[in-house]
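Numbering (our numbering), first residue to last: 11 to 124. All residues carry an ideal CB built from backbone N, CA and C; glycine is no exception.
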Amino acid sequence: MKLLKALLVMGVVMVLVGACGPAATPEPVVVEKTVVVEKEVEVTKVVEVEKEVEVVVTATPEPAPTKVEGPKRGGTLHVSFAEWPKNLHNQIDSGTEGVYVQVNMRDALLNIDA
């Protein structure tokens, strides 16, 4: 029984090793053929055409500037973070938990329009 299993395993291994080998490379085939083609080539003609085109452009007035609304005052700032920040003072708190909250609170106050 052990001999049968050993032969079966050896047969499977031989098939796998044979399948993993490199594929046979085909021999390149060289085809040489000479064809003579006689054909008359037509000469291209250069034609210059001058044409006047009149385009009517109508001026459209610029739209009136709309009133730009500033940031909304009041409300609630909703945030989520992994750990509760120790405080929201940017010079005292050195942790990264409160940095995102601090930035969102100060952005509307400290941005400068160019």
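For residue i, three-class secondary structure by DSSP
{"i": "K77", "result": "coil"}
{"i": "V66", "result": "coil"}
{"i": "Q101", "result": "coil"}
{"i": "R116", "result": "helix"}
{"i": "V45", "result": "coil"}
{"i": "V109", "result": "helix"}
When the options are compared against residue i, the one with the closest alpha-carbon
{"i": "P95", "options": "V19, Q112, T35 and V46", "result": "Q112"}
{"i": "H99", "options": "G85, A92, M115 and T86", "result": "M115"}
{"i": "A92", "options": "G105, T86 and Q101", "result": "G105"}
Per-residue burial, residue i [other beta carbons within 10 Å of its own, 16 or more giving buried]
{"i": "G31", "result": "exposed"}
{"i": "G108", "result": "buried"}
Span of the alpha helix (DSSP H) around residue i
{"i": "K12", "result": "K12 to C30"}
Presumed contact (8 Å Cβ cut-off) between residue i and residue j, rounded CB distance
{"i": "Y110", "j": "V78", "result": "With a Cβ gap of about 27 Å, Y110 and V78 do not count as contacting."}
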